[in-house]
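*Asks:* The working numbering puts the first residue of the sequence shown at 18, with every later residue one more than the last.
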Amino acid sequence: MEKLDMTKIEKTMEALRKNNMQAFFAENKEKAKEIVSQLLPEGCTVSHGGSVTLSQTGIRDMLKSGKYNYLDRSAEGLTRAQVLEIYKKSLLADVYLSSSNAVTENGELYNVDGNSNRVAAMLYGPDSVIVVVGYNKIVPDIKDAVKRVKTKAAPPNTVRLNCATPCAKTGECISLKKEDSFACDGCRSEQRICCNFVVMAQQRIKDRIKVIIVGEELGY
Ligand code: SF4
Numbered sequence: 018m019e020k021l022d023m024t025k026i027e028k029t030m031e032a033l034r035k036n037n038m039q040a041f042f043a044e045n046k047e048k049a050k051e052i053v054s055q056l057l058p059e060g061c062t063v064s065h066g067g068s069v070t071l072s073q074t075g076i077r078d079m080l081k082s083g084k085y086n087y088l089d090r091s092a093e094g095l096t097r098a099q100v101l102e103i104y105k106k107s108l109l110a111d112v113y114l115s116s117s118n119a120v121t122e123n124g125e126l127y128n129v130d131g132n133s134n135r136v137a138a139m140l141y142g143p144d145s146v147i148v149v150v151g152y153n154k155i156v157p158d159i160k161d162a163v164k165r166v167k168t169k170a171a172p173p174n175t176v177r178l179n180c181a182t183p184c185a186k187t188g189e190c191i192s193l194k195k196e197d198s199f200a201c202d203g204c205r206s207e208q209r210i211c212c213n214f215v216v217m218a219q220q221r222i223k224d225r226i227k228v229i230i231v232g233e234e235l236g237y
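1. Take residue 61 as the anchor and find which of 84, 44 and 206 has the nearest alpha-carbon.
2. Going by Cα to Cα distance, which pick from 119, 173 and 108 is closest to residue 230?
3. What does the alpha-carbon distance come out to for the pair residue 209 and residue 236?
4. Please give me, in chain order, every unbroken run of the beta strand (DSSP E) with length at least 3 that falls completely inside the region 53-139.
5. Report the three-state DSSP secondary structure of residue 169 (helix, strand or coil).
6. Counting along the chain, where does the beta strand (DSSP E) carrying residue 147 start and finish?
7. Excluding the 5 residues flanking residue 173 on each side, which residues of the same chain have their C-beta closer than 7 Å to its C-beta?
8. Ordered along the chain, which non-local residues of its own chain (more than five positions away) have a Cβ less than 6 Å from that of residue 192?
9. Out of 50, 222 and 175, which has the shortest C-alpha to C-alpha gap to residue 36?
10. So is the beta-carbon of residue 167 under 6 Å away from any non-hydrogen atom of the ligand SF4?
11. Could you check if residue 188 is buried or exposed, using at least 16 other CB atoms within 10 Å of its CB as the buried criterion?
12. Can you say whether residue 274 is buried or exposed, counting buried as having 16 or more other CB atoms within 10 angstroms of its CB?
13. Just list the residues that DSSP pairs residue 199 with in beta bridges.
14. Using a 10 Å radius around the Cβ and a threshold of 16 neighbouring Cβ atoms, would you call residue 114 buried or exposed?
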């Protein structure tokens, strides 16, 4: 387990604020849930990207309370066509929730997607985007964020999603075998989950992005 380093967390929060993102610290999952509920107006249309963190924190269950118009992509009995429709509708939700594959100490969010419905909504559409991340996802810079995805985020996600990719077997991206591996290098699998590589830096709309750093290890 990584040590909880408050100096690093505060540095990251300060850098996020400089990049026009709101930053919060939650000691634990319960506190993170409380902050999210304060940021969610009753009756708002809300959706989220695929995220282990949102399940672990109980935030997904909270969205089912009936207080919100929850666009639930995992609702029982949905056809593939209905799920795709929810992805599209989510681009116009009032609030979008997500985690992030990495947060840098320079105040950037780094995400790599396959479908890319998640990064699309984070970038544009919803008026408010709430990002919940365990402190384990803080890295010094983008270079380390790229490495984090290739070693800690994508491989377990391919296992979870049952994708036949090289990293599902070996635990790290095949591109790391190359000496000068570039961020976008990867496998040729049809089930590759690393297709679009997004860095979110200084934002034009102040406080549209809200980042809650949780003092617990969460997600991949
Ligand atoms: S590019 Fe392929 S091998 Fe590399 S992390 Fe992504 S899914 Fe895994």
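All C-beta atoms, glycine included, are put in the ideal place defined by N, C-alpha and C. Small disclaimer: the values here were computed from a predicted structure and weren't measured.
*Replies:* Concretely, from the data shown:
1. Translated into the one-based positions of the sequence shown, residue 61 becomes position 44. The candidate whose alpha carbon is nearest that of residue 61 is 84.
2. As a first step, residue 230 is located in the sequence shown; it is residue number 213 there, counting from the start. Among 119, 173 and 108, the Cα nearest to that of residue 230 is on 119.
3. Residue numbering aside, residue 209 sits at position 192 when the sequence shown is read from its first letter. Residue numbering aside, residue 236 sits at position 219 when the sequence shown is read from its first letter. For residue 209 and residue 236, the distance between alpha carbons rounds to 19 Å.
4. 62-65, 112-115, 119-121 and 126-130
5. The residue labelled residue 169 in the question sits at position 152 within the sequence shown. Helix.
6. For the purposes of this step, residue 147 is identified with residue 130 of the sequence shown, where counting begins at 1. Counting along the chain, the beta strand (DSSP E) containing residue 147 begins and ends at 145-151.
7. Position 156 of the sequence shown, counting from 1, holds the residue named residue 173. These residues qualify, in order along the chain: 237.
8. In the sequence shown, residue 192 corresponds to position 175, counting from 1. Cβ neighbours of residue 192 beyond the five flanking positions: 198, 202 and 203.
9. One-based indexing of the sequence shown puts residue 36 at position 19. The shortest C-alpha separation from residue 36 is found at 222.
10. Indexing the sequence shown from 1 puts residue 167 at position 150. Yes, since a heavy atom of the ligand SF4 falls inside the 6 Å radius drawn around the Cβ of residue 167.
11. Along the sequence shown, read from residue 1 onward, the residue named residue 188 stands at position 171. Label assigned to residue 188: exposed.
12. As displayed, the chain neither begins before 18 nor continues past 237, which places residue 274 out of reach and without an answer.
13. Counting from one through the sequence shown, the residue named residue 199 turns up at place 182. Residue 199 is not bridged to any residue.
14. On the sequence shown, position 97 is the one that residue 114 refers to. Classification for residue 114: buried.
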